[in-house]
Amino acid sequence: MAEDDLCVTRVPIFQGLTRQEQIEVARFARPVAVAKGETVYAPGRAVSRLLVMHSGQLKISHVAANGQEQILRTAADGDVVGERAFLTGHRPDHFAVALEDSRMCVFDHGDLSALLRDYPDIGLRMLRTLSDRLTSVERLLAAVTSSDVTARIAAYLLDLPAGAQEGAPVVRLPMAKKDVAAYLGTTPETLSRSLAALSAGGVIELHGRRDVGILDVEALERAAVPR
């Protein structure tokens with residue numbers, strides 16, 4: 043992979059390194075490509091590697107005994123998958139499946155252990171990333187356990203990575219609306235109605251099927267608090 047397009051430059055846990063250190067770390071990375079629909083790993087499988095998303099998207103989900111799938115999260119450009127297994131040694135209890143053709147940089151855990159000894163800041167940033175993810179999960183859990191569907195949707199939008207368009211934050215739904223609805227424990231029709239209500243209230247602006255402009259962040263944060 044070209045030095046001007048390194049996986050490590052996209053990931054928060056490596057961004058505290060100098061450019062030369064990033065190039066050194068990248069030498070341990072192995073590029074992997076997966077096709078849409080391909081299973082990257084399954085429950086119980088030994089995962090002795092850390093996956094760094096370079097492009098594309100993975101769906102992390104759990105399948106219950108009755109066959110019902112619960113989407114836990116999605117991983118896109120710059121996200122890391124497998125850090126829990128690395129830190130705890132536990133085998134995963136979930137699936138990782140490509141939602142689209144994806145490219146990843148893969149670090150074997152043996153190499154990553156050596157890198158953590160040489161660059162301890164990586165470990166601190168990894169823990170910080172897990173802490174941030176836990177905060178997001180706690181906020182969404184508070185919303186999901188309530189009967190307030192709008193709160194669930196608002197919390198979800200706030201936790202999506204945001205870009206900018208004409209000075210306003212814009213987020214992109216990482217999945218089809220039916221999958222987002224399933225993730226939030228509601229129906230596609232209710233999801234659409236709630237998004238339309240937030241749009242009518244001047245809180246968000248809908249752009250096409252998946253892009254959502256956030257016009258009033260404070261109002262969205264208030265909406266994320268269950269009533």
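Oh and the sequence shown: position 95 is 137 in the numbering used here, straight run, nothing missing. Glycine residues also receive a C-beta, built at the ideal position from the N, C-alpha and C atoms.
Straight-line gap, residue i to residue j (C-alpha atoms, nearest Å)
i, j, result
"Y225", "Q64", "35 Å"
"D174", "T51", "19 Å"
"P30", "V213", "This structure cannot speak to residue 30, because the chain is shown only from 43 to 269."
"L141", "T229", "21 Å"
"A238", "L200", "17 Å"
"E111", "G243", "33 Å"
"S97", "R251", "21 Å"
"S155", "T81", "26 Å"
"P268", "D190", "6 Å"
"A71", "C49", "8 Å"
"R273", "I256", "Only positions 43 to 269 of the chain appear in this structure, which leaves residue 273 out of reach."
"R170", "G109", "34 Å"
"G209", "F149", "37 Å"
"A84", "M217", "20 Å"
"R264", "G205", "21 Å"
"A261", "R69", "45 Å"
"V123", "L233", "28 Å"
"A266", "L240", "11 Å"
"L215", "Q207", "15 Å"
"A118", "H249", "20 Å"
Buried versus exposed, by CB contacts within 10 Å (16 or more), residue i
i, result
"G152", "exposed"
"K220", "exposed"
"T116", "buried"
"L211", "Reading off the sequence shown, one finds Pro at residue 211, where the question assumed Leu. Per the 10 Å Cβ criterion, buried."
Three-state secondary structure assigned by DSSP to residue i
i, result
"Y198", "helix"
"V99", "It is Gln, not Val, that sits at residue 99 in the sequence shown. Reduced to three states, the DSSP call for Q99 is coil."
"F56", "helix"
"Y161", "coil"
"V50", "helix"
"T81", "strand"
"Q110", "coil"
"P268", "coil"
"L248", "strand"
"D221", "helix"
"G14", "Missing from the structure shown is residue 14; the chain here goes from 43 to 269 and no further."
"P216", "coil"
"A71", "coil"
"L92", "strand"
"D253", "strand"
Contact under 7 Å by Cβ, residue i with residue j
i, j, result
"A138", "L100", "yes"
"E125", "M95", "no"
"I246", "V259", "no"
"I113", "H136", "no"
"G120", "V53", "yes"
"D143", "K78", "yes"
"G22", "R145", "The question about residue 22 has no answer, for the chain in this structure spans 43 to 269."
Cβ of residue i within 7 Å of any chain C Cβ
i, result
"D119", "Although the question refers to chain C, the structure presented lacks it and comprises just one protein chain."
beta-carbon residue i near the ligand ATP non-hydrogen atom, thresh 6 Å
i, result
"H249", "As far as ligands go, the structure on display features none, and thus does not contain the ligand ATP."
Quiz item: Counting pairs of beta carbons, one from the region 227 to 241 and one from the region 193 to 210, are three or more of them closer than 8 Å?
Solution: With a cut-off of 8 Å, the region 193 to 210 and the region 227 to 241 count as touching, because enough Cβ pairs lie within range.
Practice problem: Inspect the CB distances between the region 55 to 70 and the region 163 to 171 and report whether three or more fall short of 8 Å. | Solution: The region 55 to 70, when compared against the region 163 to 171, does touch it at the 8 Å Cβ threshold.
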